[in-house]
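K.L.:
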Amino acid sequence: MEKWFVIQKGADFTGLGKRFGISPVTARLIRNRDVIGEEAFEKYLHGSLQDLYDPHLLKDAGLLTDLLKQKIEEKKTIRIIGDYDIDGVMSTYILYEGLRKCGADVSTQIPDRMKDGYGINESLIDQAKADGMDTIITCDNGIAAIDEIAHAKELGMTVLVTDHHEVPYSEEAGARTYKRSLADAIVNPKQQECLYPFKSLCGAAVAWKVLQVLYEKMGFQAEDTYEFLENVAFATVGDVMDLTDENRILVKEGLKRIHRTTNVGMRALILQNKLEMEQVNAYHFGFVLGPCINASGRLDTARISLSLFTEQNQEKAAQIARMLVELNQQRKDMTADGVEEAKAEVEAHYRKDRVLVIYLPDVHESLAGIIAGRIRETYHKPVFVLTKAEDGVKGSGRSIEEYSMYEELCKCSELFTKFGGHPMAAGLSLPEENVERFRERINACATLTEEDLIPKVKIDIPMPAGYADAGLIREFSVLEPFGKANAKPQFADKNLSITRAMVLGKNQNVLRLNLMTADGVSVSGIYFGDIEAFKDYYAGKFGTEEVEKAFCGRVNRIRMQIVYYPEINVYNGTENVQAVIKNYC
């Protein structure tokens, strides 16, 4: 079941098109992404580094950098504690290289996912103290480490926090009380008192903003931090942040720089994935390069990924990159097995639950989040996947737009030893005896309706599949980079007939359709989904014989409605427009 609906947002699309030199179609697509008014259109289309917000607006940015400057000048030892995902690795790298340039005596530590869990903990603090550290600075973590930071302060350490996660709170009678640790300075745009106008920065972007303020105080140019824009962009896409406003600029600028990157490790990672530098786009960040960085934190240690970006030797960098690619392949295989096990559990026991809590004790705990994401895609429900850990049970959740995961966890926080996250994703730890209680409580608290659980397919514009020519399709590139909150446009057409259906590809997993529009225009379509399900659907609707006719290139009664995206296909030097079919009915 799916619900298709057309986005209805009004504006003078013709006027906007003339004003910005784009077609009314493209103007409507931009307006559909909640861009309102000429000033916002200008920033969307032509936003540059000059349009970024002042980092001094971040609460405590001045205090934190004053303290860092003092520590650097006093030759105090500083330990950066990051996180084991792409955002944590990039944050750590940015701070490490930036502080080194400022002359700091600085070292890094990234938690071990299995041994330490997420973020700063007492063990890492004790280790830092034993290593003679004076100051700890966190990145991509620390906002929720109330007890841990109190421990560090008891040991006489200075603690500085840079983070972007939700600020923890307690709630009584509908009133929230936000918690604040004893850290000496906290930079996180999510803090209520923070005046920074854009709240959706990733951890690496927050670290980069802090570095801009520090560079200024240390006598460097803020522009000197631009060498890290490729890392900020990488983390922004990899951590699935909204590609709107400032993030859109950061990713666009970062992609420009990655096409000519001088970082030996970044070049090695791109080459090991058989990509050209100029090819790399936001898709590759999210689905090709990013997973390699995350794989080391999942199956080994994220320190491997960090070492890739600090490596200066090309041969060694190539070896590290090759190891990361191999780890990612191993991760893919293990994930596929875990997804099948999770689906079997749901079908056997939990099909009717509105919130899926799946306990897979033998699955590698680092894969819980990926598996949860795949199960969410299958059932369009919030999903928590729990696995057996050394000290109880750990889990990761992935949500749908209608369900704020972090807020829902707050309603049953007494069941957990630790939890945190965002509206769309969360992590938690709990005793094994609380697993069933958690499943019951999280479902009892859920206010999701049947309507909420129906997947929504957003259509930008109902448009005949033969309408877009190569020029218009090329114009759509002004909408890039695509990602969360700036999705690739989707169009819809109906009453399409199939003149020929063919299964192609080495693995017979591509469906090529020769289509005829209601206006009699021939269109080439391509579908990369489940071909057997496609056949079964239309056999159920029109009969098996009609499907067989379509696959034999004979006249048939099948009529399709499709949601699609037009693209230019180049084959043997010839360009053809084709409709990439995303949904059908």
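Residues in the sequence shown are numbered consecutively from 98, following our numbering.
Glycine residues also receive a C-beta, built at the ideal position from the N, C-alpha and C atoms.
Here the structure is a predicted model, which means the values were calculated and not measured.
Going by beta carbon distance, what residues of the same chain come within less than 7 Å of M431, once the five residues before and after it are set aside?
P.N.:
Excluding positions up to five away in sequence, the list reads H461, L464.
K.L.:
Please name the residue or residues paired with R495 in a DSSP beta bridge.
P.N.:
DSSP output for R495 lists V480, A522 as bridge partner(s).
K.L.:
Return helix, strand or coil for G489, following the three-state DSSP convention.
P.N.:
Reduced to three states, the DSSP call for G489 is strand.
K.L.:
Answer yes if the region 163-181 comes into contact with the region 451-460, meaning at least three C-beta pairs across the two stretches below 8 Å, and no otherwise.
P.N.:
As far as the Cβ criterion goes, the region 451-460 does not touch the region 163-181, which means the pair count is below three.
K.L.:
I'd like the span of the alpha helix (DSSP H) that includes C389, first residue to last.
P.N.:
387-396 is the extent of the alpha helix (DSSP H) around C389.
K.L.:
Have a look at S496 and P458 and give me their C-alpha separation to the nearest angstrom.
P.N.:
Rounded to whole angstroms, S496 to P458 spans 21 Å at the Cα level.
K.L.:
Kindly indicate which three-state DSSP category S594 falls into: helix, strand or coil?
P.N.:
Looking at S594 - three-state DSSP - the assignment turns out to be strand.
K.L.:
Short of 7 Å in beta carbon distance, which residues of its chain neighbour D450, apart from the five on each side in sequence? Order them along the chain.
P.N.:
The residues are N540.
K.L.:
When we look at the beta-carbon of F513 and count the other beta-carbons within 10 Å, is it buried (16 or more) or exposed?
P.N.:
When all chains shown are included, F513 counts as buried.
K.L.:
For M560, which of helix, strand or coil comes out of DSSP?
P.N.:
Note: M560 maps to coil in three-state DSSP.
K.L.:
Within 10 Å of its beta-carbon, does I678 have 16 or more other beta-carbons around it, so buried, or fewer, so exposed?
P.N.:
Looking at its Cβ environment, which holds 16 or more other Cβ atoms inside 10 Å, I678 is buried.
K.L.:
For the alpha helix (DSSP H) holding T333, just list the boundary residues, first then last.
P.N.:
Per DSSP, T333 belongs to the alpha helix (DSSP H) from 326-335.
K.L.:
Taking the alpha carbon of I401 as the point to measure from, which residue in I390, S510, Q409 has its own alpha carbon closest?
P.N.:
The candidate whose alpha carbon is nearest that of I401 is I390.
K.L.:
What residue range does the beta strand (DSSP E) around G229 cover?
P.N.:
Per DSSP, G229 belongs to no beta strand (DSSP E) and is neither H nor E.
K.L.:
I'd like to know whether the C-beta atoms of A676 and G622 end up nearer to each other than 9 Å.
P.N.:
Yes, these two residues count as a Cβ contact at 9 Å.
K.L.:
Okay, do the region 199-214 and the region 265-280 touch, 3+ Cβ pairs below 8 Å being the bar?
P.N.:
Too few Cβ pairs lie closer than 8 Å, so no.
K.L.:
Curious, which full-length alpha helix (DSSP H) runs of at least 4 residues does the region 135-174 contain?
P.N.:
Here the runs fully enclosed are 135-143, 158-170.
K.L.:
Suppose contacts are defined by Cβ-Cβ distances below 9 Å. Is T341 in contact with C299 by that definition?
P.N.:
No, the Cβ-Cβ distance between T341 and C299 is not below 9 Å.
K.L.:
Cα-Cα, which of I104, E139, K287 is closest to H519?
P.N.:
The residue with the shortest Cα to Cα distance from H519 is K287.
K.L.:
Which term fits Q318, buried or exposed, when burial requires 16 or more other beta carbons within 10 angstroms of its beta carbon?
P.N.:
By the neighbour-count rule (16 or more Cβ atoms within 10 Å), Q318 is not buried but exposed.
K.L.:
Given this structure, state the Cα-to-Cα distance separating L366 from V532, to the nearest angstrom.
P.N.:
L366 and V532: Cα-Cα distance of roughly 40 Å.
K.L.:
Apply the 10 Å Cβ neighbour rule to E683 and answer buried if 16 or more other Cβ atoms are within range, or exposed otherwise.
P.N.:
In the structure as shown, the chain starts at 98 and stops at 682, and residue 683 therefore has no counterpart that could be examined.
K.L.:
Under 9 Å, do Y312 and R354 count as touching if we go by C-beta distance?
P.N.:
In this structure, R354 does not lie closer than 9 Å to Y312 by Cβ.
K.L.:
Is M657 helix, strand or coil by DSSP?
P.N.:
Here M657 sits in strand by DSSP.
K.L.:
Output the boundary residues of the beta strand (DSSP E) element that contains R273.
P.N.:
R273 -> beta strand (DSSP E) spans 272-275.
K.L.:
To test your reading of the DSSP string, which unbroken alpha helix (DSSP H) runs of 4 or more residues are found completely within the region 242-293?
P.N.:
Counting only runs of 4 or more, we get 243-251.
K.L.:
Taking a contact to mean a Cβ-Cβ separation below 9 Å, would you say I283 touches M254 in this structure?
P.N.:
Taking 9 Å as the Cβ cut-off, I283 and M254 do not qualify as a contacting pair.
K.L.:
In or out: Y141 buried (at least 16 other Cβ within 10 Å) or exposed?
P.N.:
Buried.
K.L.:
Just curious, the beta strand (DSSP E) that T205 is in, first and last residue?
P.N.:
From DSSP, the beta strand (DSSP E) with T205 extends over 202-206.
K.L.:
By Cβ distance, which residues of its chain are closer than 8 Å to R176, with the 5 residues on each side in sequence left out?
P.N.:
So the list reads V203, S204, T205, Q206, A225, D228, M230, T232, I233, I234, once near-sequence residues are dropped.
K.L.:
Going by beta-carbon coordinates alone, are N328 and W305 separated by less than 9 Å?
P.N.:
Going by C-beta atoms, N328 is nearer than 9 Å to W305.
K.L.:
Do you know how far the Cα of A272 is from the Cα of D281?
P.N.:
Approximately 27 Å, taken between the alpha carbons.
K.L.:
What separation, rounded to the nearest whole angstrom, lies between the Cα atoms of N611 and I659?
P.N.:
Looking at the two C-alpha atoms, the distance is approximately 13 Å.
K.L.:
May I ask you to report which of helix, strand or coil DSSP gives Q587?
P.N.:
Coil, per DSSP.
K.L.:
Within 10 Å of its beta-carbon, does K168 have 16 or more other beta-carbons around it, so buried, or fewer, so exposed?
P.N.:
Per the 10 Å Cβ criterion, buried.
K.L.:
Would you be able to state if there are at least three C-beta pairs under 8 Å between the region 490-504 and the region 558-578?
P.N.:
They do not touch, by the three-pair rule.
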